[in-house]
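Read through the structure below, which is laid out as C-alpha cells, and then see the notes.
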Amino acid sequence: MIIIALFLSAICLPLAGKLLPAEGAFALTENRRPAPLPTIELGTPGWGWSILTFPRRFERYWNDSFAFRWYLIRWHSIAKLALGISPSPKALVGQNGYLFYAAEQSVDYFRAVKPFAARELVQWRAELEKRRAWLAERGIRYLVVVAPSKETIYPEFMPPALRPVRPETRLDQLLKELAAHSSVDVVDLRPALRRAKETQRVYHQTDTHWNDAGAMIAYGEILARL
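Everything in the sequence shown is counted per this note's numbering, starting at -10 for the first residue and increasing by one.
Written as C-alpha cells, this is what we have:
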C-alpha cells in the first residue's frame, strides 16, 4: 500500500501543483525559451494542421511547465550524483565533488589515447609559423597561449579508471616540437596554475572553466611575456 500511495503521489503531484500559484518552473540555465501553451484557431489558414500537431505541442508545453519541475530535476540530478552518475552526458563525475567536461574528446586528450603523428606536428608548426609571419608583416607580435583543460591541472580528482595511458599529451608533444624546431613564442600556463592550486582553487569545482583566481594567474603569465 505504501508503494502504491507513493506512486499515486508522484504522478498526481505535478498536476495538483498546477492549481497553485506559478513557481517559476523554468528557472533553470537551459539557455532556451520554454514551450508556449499551444492554441487552436478554428477557421484560420492551416487550422487543420494545428489540430494534428496539438498533442505534440501540448506535450512540449507540459514538459516545460509542470509544477515542481525545478525541484524534481534538481533532486534527480542530486540522486544521480550521489550514485556517481553524471546528470549530463557532457559532464564527468570525478572525485571529491569535482565535475569535468566530457565532450569533444576531452577525456581522450587528457589520457593521451591518440598522440600526434609526426606529420601532424609538422603541420601544426607550419600553421603557427604562417600566422606569426602574417602578423609580423603588420607589426603585430604573435604569442601562442593555450588555456589548459581543468583535468590537466586537477588530475588527482579524475576517476581512477581514467588515468593517462601515455606520459605525454598532445599539448606536451606540440610544445616540445615548437621548442626544438621553431621560434614561435609560446606561453605554457600549466606550471603557474599547478603551483597556485596548492594555496587556492584555480578552477571551479563543478564547472570546466578557471575561476577569477585562475584567470588572474593566466593574465599575469601572459602580461609577463608581452
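Don't be surprised by glycine CBs; every beta carbon is placed ideally from N, CA and C.
Skipping 5 residues on each side, what residues in its chain have a beta carbon closer than 7 Å to that of residue i?
i	result
P170	It is worth fixing the name first, because residue 170 is His in this sequence and not Pro. Here the set comprises R114.
L160	V135
V96	L81, L151
F146	G83, Q84, N85, Y87
T188	none
Can you give the beta carbon distance from residue i to residue j, rounded, assuming they're within the 8 Å contact cut?
i	j	result
L215	L88	About 33 Å separates the two Cβ atoms, so there is no contact after all.
Y192	N200	6 Å
K139	Y90	7 Å
A106	T158	Going by Cβ atoms, the distance from A106 to T158 rounds to 15 Å, so no, they are not a contact pair.
L164	D177	6 Å
A92	K79	4 Å
R179	P104	Not quite, the Cβ-Cβ distance comes to about 18 Å (not below 8 Å), so this is no contact.
Is residue i buried or exposed, if buried means 16 or more other CB atoms sit within 10 Å of its CB?
i	result
L41	exposed
G203	buried
P137	buried
R63	exposed
R108	exposed
R130	exposed
R120	exposed
Give every residue of the same chain whose Cβ lies closer than 8 Å to the Cβ of residue i, excluding the five residues on either side of it in the sequence, and list them in chain order.
i	result
I29	W36, S39, I40, F43
A24	R46, R49, Y50, N52, D53, S54
R183	I142
T195	G86, Y87, L88
N20	none
Going by the DSSP bridge assignment, what does residue i pair with across the sheet?
i	result
F89	L81
Y192	W199
V175	V133
Apart from the five residues just before and just after residue i, which ones in its own chain have a Cβ nearer than 6 Å to its Cβ?
i	result
E166	L110, R114
Please tell me whether residue i and residue j are closer than 8 Å, where the distance is taken between their beta carbons.
i	j	result
I206	A168	no
V173	E210	no
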